[in-house]
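*Asks:*
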Amino acid sequence: MWRWLFRLLLLCLLIAGYVSYQLVRYPDISPERLLSHYTDGQVQQRLISGQPLYYQDQGKGQAIVLLHSHFFSMQMWDPIADELARYYRVIRFDLTSHGLTGPALDNDYSLDRDIELLRGLIEALAPGPVVLVGSSLGGNIAIGYSARYPEQVKALVLQNSGGFRKADSRGGRGEDLPAWADYLLYMLPRAAYNRFLQWMIVDDSLITPQLQWQFHDNFRRQGNRKAEMQRIRQFKEGGAATQLQQLTLPVLIQWGEANPQLPVAMTELFVEALVQAASVQVITYPNTGHVLPLERPAESLADLRHFLQQLPGSRLEPAEQEPANDTL
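For the sequence shown, the UniProt record's numbering gives the first residue as 1, with consecutive numbering after it.
(1) Are the beta-carbon atoms of residue 94 and residue 54 separated by less than 9 Å?
(2) Which same chain residues end up closer than 7 Å to residue 243 when comparing Cβ atoms and leaving out the 5 residues on each side of it in sequence?
(3) Please determine if the stretch 95 to 110 and the stretch 67 to 75 are in contact, where contact requires at least 3 C-beta pairs separated by less than 8 Å.
(4) Hey, how far is the Cα of residue 149 from the Cα of residue 254?
(5) Have a look at residue 266 and residue 117 and give me their C-alpha separation to the nearest angstrom.
(6) For residue 156, which of 231, 285, 83 and 280 has the nearest alpha-carbon?
(7) Look at the alpha carbon of residue 128 and the alpha carbon of residue 89, and state the distance between them as a whole number of angstroms.
(8) Just to confirm, are residue 163 and residue 238 a CB contact at a threshold of 9 Å?
(9) Tell me which same chain residues have a C-beta within less than 7 Å of the C-beta of residue 301, skipping the five on either side of it?
(10) Between the stretch 187 to 205 and the stretch 280 to 298, are three or more C-beta pairs nearer than 8 Å?
(11) With 16 other CB atoms within 10 Å as the buried threshold, where does residue 109 fall?
(12) With DSSP as the reference, label residue 79 as helix, strand or coil.
(13) Could you give the distance in angstroms between the alpha-carbon of residue 272 and the alpha-carbon of residue 58?
(14) To the nearest angstrom, how far is it from the Cα of residue 293 to the Cα of residue 26?
(15) Contact defined as beta carbons within less than 8 Å: I believe residue 31 pairs with residue 221. What is the distance between those atoms, to the nearest angstrom?
(16) Leaving aside the five residues before and after residue 285 along the sequence, list all residues of the same chain whose C-beta is less than 8 Å from its C-beta, in chain order.
(17) Distance check for residue 105 and residue 152, CA to CA, integer angstroms please.
(18) Grab me the residues of residue 137's own chain with a C-beta within less than 7 Å of its C-beta, minus the 5 sequence neighbours each way, in chain order.
(19) For residue 13, does the three-state DSSP call read helix, strand or coil?
(20) Does DSSP put residue 129 in a helix, in a strand, or in coil?
(21) Relative to the C-alpha of residue 115, which candidate in 48, 35 and 44 has its C-alpha closest?
(22) I'd like to confirm the pairing. Which residues does DSSP put opposite residue 278 in its beta bridges?
(23) In the DSSP assignment, find the unbroken alpha helix (DSSP H) run with residue 271 in it and report its ends.
(24) List the endpoints of the continuous beta strand (DSSP E) containing residue 55.
(25) Residue 178: buried (16+ other C-beta within 10 angstroms of its C-beta) or exposed?
(26) Give me the Cα-Cα distance between residue 212 and residue 193, rounded to the nearest whole angstrom.
(27) Relative to the C-alpha of residue 36, which candidate in 195, 113 and 214 has its C-alpha closest?
(28) List the endpoints of the continuous alpha helix (DSSP H) containing residue 293.
(29) Going by DSSP, what residues sit across from residue 36 in a beta bridge?
(30) Starting from the N-terminal side, write out each stretch of the beta strand (DSSP E) that is 3 residues or longer and does not extend beyond the stretch 202 to 234.
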């Protein structure tokens, strides 16, 4: 009896020690401190439907809105944003529960809320038809927005997009996560975040120490770790087929052939659903995983630019640059 109690006490002490170490070693980071890590272009903030959103606005001309993947931030577009902004106006932002934007003030992480926040930002910055480029979760949002506001979207680019449930998916439902899971991301060691990157990105040589710290620090923004678990609870997998069937615009699909999260065979589901699209192009990339801007920036950008140049009124020469408006 006493030996059992001693072991239980020792286990509790070890757990408490580990938790204390994690909280002291990797505490939350203020948005002001995290802001100093966003070095690629000017970062601004805009209040949209009561929610502060942090964004970057570069270049001029046809507006291209970049929507990042789940668990990443607008920084994932750094390898292509500057070059793309030579020809177009490039707008990107951090979704709620991500990066600088942080937790949703209303605790609403539904797709509907993401779409309406996107609508508010576009109306505030670049009213008129835009081109949407969505990666993973960003693809879900871009599809939903295009179906809801078709007159506001000129073309759609889907990179390793969500929207369909995998045929072999056996994962549990996010809504079933227990309350204690809100603190799970606080407990994970930094090595676990690095392993997650290694799972999504095929070439380990691309996972630099800078990328590792950037990825982990974006989770550590005040409130993001708990907010991410709330987003997982509210996320509904699949459901894009009906929305895709409504689209009549040009669509480019870009996909990593070694994507471990969303297999390349899923591109067929998108093509089958896009029955009314003006055009559908599918480009896949060998030895590439889930995050094209980080894994194949030059190739994916070249293909994106070629697609954009085929759109009516496309700019073929670099646009003259001018500073983005200060809206802080």
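Built from N, CA and C at the ideal position, the CB exists for glycine as well.
*Replies:* Checking against the coordinates, here is how it stands:
(1) yes
(2) 143, 144 and 147
(3) yes
(4) Answer to the nearest angstrom: the Cα atoms are 23 Å apart.
(5) 28 Å
(6) 280
(7) Taken atom to atom, the span from the alpha-carbon of residue 128 to that of residue 89 is near 13 Å.
(8) yes
(9) 80, 83 and 84
(10) yes
(11) buried
(12) helix
(13) 35 Å
(14) 27 Å
(15) 6 Å
(16) If we look at residue 285 and ignore the five residues flanking it on each side, its Cβ neighbours are 254, 255, 256, 257, 292, 295, 296, 299 and 300.
(17) 27 Å
(18) Cβ neighbours of residue 137 within its own chain (closer than 7 Å, five residues either side excluded): 69, 70 and 162.
(19) For residue 13, the predicted model reports a pLDDT of 49, less than 50, meaning its position is unreliable and no value from the coordinates is stated.
(20) In the structure shown, residue 129 sits in coil (DSSP, three-state: anything other than H, G, I, E or B).
(21) 48
(22) Paired residues: none, contrary to the question.
(23) Element bounds for residue 271: 267 to 273.
(24) Looking at the DSSP string, the run of the beta strand (DSSP E) that includes residue 55 is 51 to 58.
(25) exposed
(26) 8 Å
(27) For the residues 195, 113 and 214, the minimum Cα distance to residue 36 belongs to 214.
(28) 292 to 295
(29) Paired residues: none, contrary to the question.
(30) Counting whole runs of 3 or more residues, the stretch 202 to 234 contains no beta strand (DSSP E) stretch at all.
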